[in-house]
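Take a look at the structure set out below.
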Amino acid sequence: MGLPIFLSTTFIAILVAVIILLVLLTGFLIYMWRLSRKEMASGEADFEIVEDQISKASQSPTRKRWAKAGSIIFDIFVGALFLAVAVLIFTRAMPNLGIPYSLEAVKTPSMASVDPANADYLEGRDDRIYVNDIVVLEKVDSLDEIQLYDIVSYKHPEGINVIHRVVEIGDGYLITRGDANAGPGTDGVKITLGMINGRYTGIRIPALGALTFYLQDDYGILGMSALAYVIIAAEVYFSKSETIKEKRLAEIKDLFKAGAVKITIESPDGFIEFNSSFEGTIDKKRTSTNTSLTIDKGVQQNEDS
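The numbering of the sequence shown is our numbering, which starts it at 1115 and goes up by one.
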């Protein structure tokens, strides 16, 4: 059985490669999470957990604000990414939702300038439309709603959408031409009501059409889907890791509630000594073979030999 006509061999190969990479990434994150859970449960990650707390406790207010700002910026980026995808889906569904407006991205410069041959009837009209603009179209229920020199979007017989100006109104049809197209020639298509996507309202959003083209492209959809999966997988991994980290940190804090004054951690990563406020000293040159946690309750005990 051959490949679907809309999927090229190159795209299929890239799709398979992306799926394999995502599966490997998922397996790696699951392995790392299980390893992290094991290390935190056994106390092997205590040095890392406490070091992070000491670092946060010693941060200046300015560094804390920058760290918080960075987190907010990342959240805004993720939110904007998913919002862009949601808006794209919504705009493509607008006609089916009964909304009398739709959005369309401009691919060609045929309405970006005025050819001298068209200057006479375009004098005083400043409704240029540029490549990568997104234009707002108004639904048309009858050709009587369209006037000469309006701009309309229609489905060309070649299967593409064309946004051009009406230069002739006939009996049950329209004739259009791009403002930048030279000579007296027209699009050569008699446009009927059923072919019209909408009439240009004069509202356009510059540049965002490039993103729309990318999102509508097979590679764009694949790239955005893969990126969304990676972000979600990473968020799940870090969320689960943070949960077990907070659980272990709560257990260490409970030691202070039980009477500990000072705690010492010796590990292959270094030596830490800290109090209940997580103020202390870190010495990464002083290491030990195994991880050990020593509790000092502030009571000196003497032992006869």
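Each residue gets a CB set at the ideal place from its N, CA and C atoms; glycine is no exception.
Here the structure is a predicted model, which is why all the values come from computation and not from measurement.
Same chain only: Cβ atoms within 8 Å of residue i, ignoring 5 sequence neighbours per side
i	result
W1147	Y1351, K1354, S1355
V1132	L1336, A1340
L1139	V1344, A1347
N1275	E1218, S1267, Y1268, K1269, N1311
F1204	none
A1374	S1390, I1409, D1410, K1411
S1172	E1393
E1153	A1159
K1367	S1390
I1305	V1266, Y1268, Y1287, L1288, I1289, T1290
Nonlocal neighbours in the same chain, by C-beta distance under 7 Å from residue i, ignoring five residues either side
i	result
G1316	D1241
E1165	I1386, I1396
L1369	I1377, I1409
E1252	P1214, Y1215, G1312, R1313, T1315
L1262	V1280, I1283
V1130	none
L1136	A1340, Y1343
A1158	For the sequence presented, residue 1158 should be read as Glu rather than Ala. Within the same chain, E1158 has close Cβ partners T1405.
L1236	V1228, D1293
P1271	V1303
Proximity of residue i and residue j at Cβ, strictly below 8 Å
i	j	result
F1161	D1383	yes
V1385	I1377	Before going on, a small fix: residue 1385 reads as Phe here, not Val. For F1385 and I1377, no; Cβs fall outside 8 Å.
L1211	I1248	no
R1313	I1358	no
A1296	P1223	no
N1232	G1323	no
I1163	R1362	yes
D1264	V1280	yes
P1320	Y1244	yes
S1256	L1288	no
Contacts around residue i, its chain only, beta-carbon distance under 6 Å, and the 5 residues preceding and following it disregarded
i	result
K1221	none
E1380	S1402, S1406
K1170	none
Q1167	F1392
M1309	Y1268, K1269
Cβ-Cβ separation, residue j to residue i (assumed contact under 8 Å), whole Å
i	j	result
M1225	G1292	6 Å
F1125	D1285	Contact flag wrong, Cβ pair sits at about 45 Å.
*Please go through the stretch 1189 to 1250 and give each complete beta strand (DSSP E) segment of 3 or more residues, from N-terminal end onward.*
1215 to 1219
*Where in the stretch 1284 to 1340 do unbroken runs of the alpha helix (DSSP H), each at least 4 residues long, occur, reported from the N-terminal end onward?*
1322 to 1330
*asked:* For the structure I just gave you, are there three or more beta carbon pairs, one from the stretch 1184 to 1195 and one from the stretch 1396 to 1410, closer than 8 Å?
replied: no
_In chain order, what are the residue ranges of uninterrupted beta strand (DSSP E) at least 3 long that sit wholly in the stretch 1351 to 1414?_
1376 to 1381, 1384 to 1388, 1394 to 1397, 1406 to 1410
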